[in-house]
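With positions in the sequence shown counted from 1, the corresponding number in the working numbering is that position plus 61. We put the beta carbon where it would ideally sit given N, CA and C, even for glycine. First the structure, in the form of structure tokens, and then the observations on it.
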Amino acid sequence: MAKGRFITFEGGEGTGKSTQIKLLSEFLTSCGIKNIASKDPGGTEIGLELRKILVTGDKDKIDPVTEALLYYADRRINLVQKVWPAMEQGTWVMNDRFADSTIAYQYYGYDKKIPLEILQQLYAMTVGSFKPDLTILLDIDPKIGLARSMEKAGHMAVKETRHESRGLEFHKRLRQGFLELAAQEPERIVVLNADKSIAELQKDIIDVVCERFKLSPCPK
Ligand SMILES: Nc1ncnc2c1ncn2[C@@H]1O[C@H](COP(=O)(O)OP(=O)(O)OP(=O)(O)O)[C@@H](O)[C@H]1O
Ligand SMILES: [Mg+2]
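Next up, the structure:
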């Protein structure tokens, strides 16, 4: 059986990752492709415990290195328990954030206070040579993304706004960081302008996925 594909969605807060993953899942299903969605952090039961630590509460409650270690613990358990077994069965996995987010947040966001090598070593130790088949980077002015995110958080019982609270300068560095990563790996990371309607962005994503994986003709 052919191995499933691993597609990651990246970008700052409120860029539309979760919304678009749901829509891409429906599309892949309509193409007859078995697929699941997962996320970093929180794709597994243990990961959900780590997610609570990582995305809620005071922004300074843990230092950047501890934060990176917890993100990688979460990432590893998601791969071992969920992503790799699904891919072995031929199921495609769409992951809401992956290692690019750790470099964007913990390296660029924190103004390069952690050496990049530490993050690269953590990747090698926990993920090995595995990497996404495709990464879709949703890019938007952080002012717009943060406004969307805070509006959404207003309706949530548990406020997952630890990173949102870091201020605009952090989020501008984050955006530049993601764009630098995309420039370094243009084959893997496709940048899409997320400042458009949900339906328009969905069409762009489907075009990228169909072209990358030679899916056409698709039912839609
Ligand atoms: N293209 C869009 N235009 C306007 N609003 C959008 C668009 N895409 C998503 N939204 C809305 O913005 C909010 C954030 O979207 P979503 O949760 O998909 O983003 P996200 O990237 O997953 O955010 P987070 O980083 O906070 O998880 C939601 O309320 C969603 O309905
Ligand atoms: Mg989301």
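Cβ shell of residue i (< 7 Å), same chain only, five flanking positions each side left out
i	result
T80	I259
A147	G65, I97, V154
T187	Y133, R136, R137
Three-state class that DSSP yields for residue i in the structure shown
i	result
F159	coil
S190	coil
V116	helix
I68	strand
Element boundaries [beta strand (DSSP E), containing residue i]
i	result
S99	96-100
I230	The question names Ile, but residue 230 is Glu in the sequence shown. Not the beta strand (DSSP E): E230 falls in the alpha helix (DSSP H), residues 229-245.
E74	Taken as a continuous stretch (DSSP letters only), E74 belongs to no beta strand (DSSP E), as it is neither H nor E.
I197	195-200
I250	250-254
Bounding residues of the alpha helix (DSSP H) (the contiguous stretch that carries residue i)
i	result
E149	145-149
D268	259-274
V126	125-139
A208	203-214
T53	Limits of the chain in this structure are 62 at one end and 281 at the other, which puts residue 53 out of reach.
Proximity to residue i [Cα-Cα], best of the options
i	options	result
K264	E87, E106, L242	E87
D202	K173, S277, E230	E230
A63	V141, E149, A134	E149
D135	L111, Y171, C271	L111
E225	E71, K83, Y166	Y166
G170	K122, M211, I68, H232	H232
Contacting residues, own chain, Cβ-Cβ under 8 Å from residue i (five flanking each side not counted)
i	result
L253	I197, L198, L199, D200, L262, D265, I266, V269
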